[in-house]
Amino acid sequence: MSTVPKFVIGNWKMQARHEHGLQLARDIAHAMRDTPPPSHLHTIICPPFTQLDGVHQALREVCLPHEQLAMGAQDCYPASSGPFTGDISAPMIRDLGARYVILGHSERRQNHGETDAIIRQKVKAATAAGITPIVCIGEHLAERNEGRAASVLSTQIEGSLTRGFRGILAYEPVWAIGSGITPSQEELQRKLQLIRALLPMRLMTDDIRVPVLYGGSVTSVQAPSIMSIEAVDGVLVGSASLEAQSFLDIIGAAAEATAPQPSP
Ligand code: PEP
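Residue numbers (the working numbering): 5 to 268.
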């Protein structure tokens with residue numbers, strides 16, 4: 005029986021209004037209670053800040069173990085408190101039940117000028133608050149086409165992860181996000197192997213196994229082939245996580261693709 009956990013993470017972004025978000029959380033939680041996925045599969049939903057409290061309450065009502073279904077936030081500030089108007093700290097999201105936080109998503113790197121150094125500060129803040137960081141890395145299309153993906157990924161890993169990083173890494177090629185395009189199996193395998201080779205250098209140990217996920221236009225159609233790639237520990241899902249059934253289909257596909265093989 006495989007003991008390596010696999011992850012399905014839903015990133016709702018700024019897309020679900022309050023009632024929609026709460027209903028989505030209830031629908032996912034009820035379906036998972038009725039048909040529990042295998043225990044090696046961990047599902048995490050990441051609503052906007054304004055819905056954290058409500059979603060947390062909705063999940064508590066269903067009483068699923070948090071390894072099975074947990075909640076994450078989509079960002080946090082590097083400082084734990086202070087005069088930072090409009091920002092939200094890691095302890096604040098922890099207070100509302102978040103166990104995970106997405107950091108360094110390409111939309112934040114692009115729209116908020118987040119650098120690797122800022123992301124690393126956020127990783128430290130999340131870890132200090134007892135929250136598991138989910139750090140996103142990924143190259144732009146031009147960087148890929150110019151053969152620079154490896155150096156971009158290496159720089160992002162070196163710059164945004166802390167030395168003793170204990171979290172999740174999501175490889176999200178920027179060109180695959182929201183585009184309906186996913187890398188070929190061969191390309192994905194190559195990139196994930198590269199990332200896995202770079203990690204011990206950053207962490208200065210190969211004793212820590214950081215789960216590495218793929219994100220970018222994942223639907224239940226691509227999920228089985230993506231999840232069957234040896235180096236992939238899960239998927240980070242954007243648009244397809246906004247509708248309960250499409251997200252549940254991805255969870256189902258991931259469960260099937262990673263089901264432990266019976267011993268001969
Ligand atoms: C994302 O932005 O993290 C993402 C994976 O989005 P989508 O699935 O919509 O491409």
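Think of the CB as a built atom: it goes at the ideal place given N, C-alpha and C, for glycine as much as any other residue.
To the nearest angstrom, how far is it from the Cα of residue i to the Cα of residue j?
i	j	result
residue 258	residue 189	16 Å
residue 77	residue 221	20 Å
residue 207	residue 219	22 Å
residue 187	residue 60	34 Å
residue 132	residue 113	22 Å
residue 177	residue 264	29 Å
residue 216	residue 175	7 Å
residue 166	residue 11	22 Å
residue 247	residue 16	10 Å
Thinking C-alpha only, which one of the options is nearest residue i?
i	options	result
residue 69	150, 88 and 47	47
residue 102	224, 173, 205 and 49	49
residue 234	132, 71, 75 and 261	261
residue 230	17, 210 and 191	191
residue 26	43, 10 and 75	75
residue 45	236, 18 and 169	236
residue 122	135, 115 and 108	108
If you measure between the beta carbons of residue i and residue j, is that distance less than 8 Å?
i	j	result
residue 140	residue 106	yes
residue 163	residue 243	no
residue 214	residue 240	no
residue 24	residue 66	no
residue 62	residue 30	yes
residue 129	residue 82	yes
residue 202	residue 32	no
residue 250	residue 232	no
Provide the residue span of the alpha helix (DSSP H) that contains residue i, from first to last.
i	result
residue 159	153-164
residue 62	56-66
residue 272	Residue 272 lies beyond the residue range present for the chain, which begins at 5 and ends at 268; the question has no answer from this structure.
When DSSP builds the beta bridges, which residues end up paired with residue i?
i	result
residue 15	50
residue 10	45
residue 238	11
residue 75	49
First and last residue of the beta strand (DSSP E) that includes residue i?
i	result
residue 208	Counting along the chain, residue 208 falls outside any beta strand (DSSP E), and DSSP gives it neither H nor E.
residue 108	From DSSP, residue 108 is part of no beta strand (DSSP E); its letter is neither H nor E.
residue 35	It is not in any beta strand (DSSP E) - residue 35 instead sits in the alpha helix (DSSP H) that spans 22-38.
residue 141	136-141
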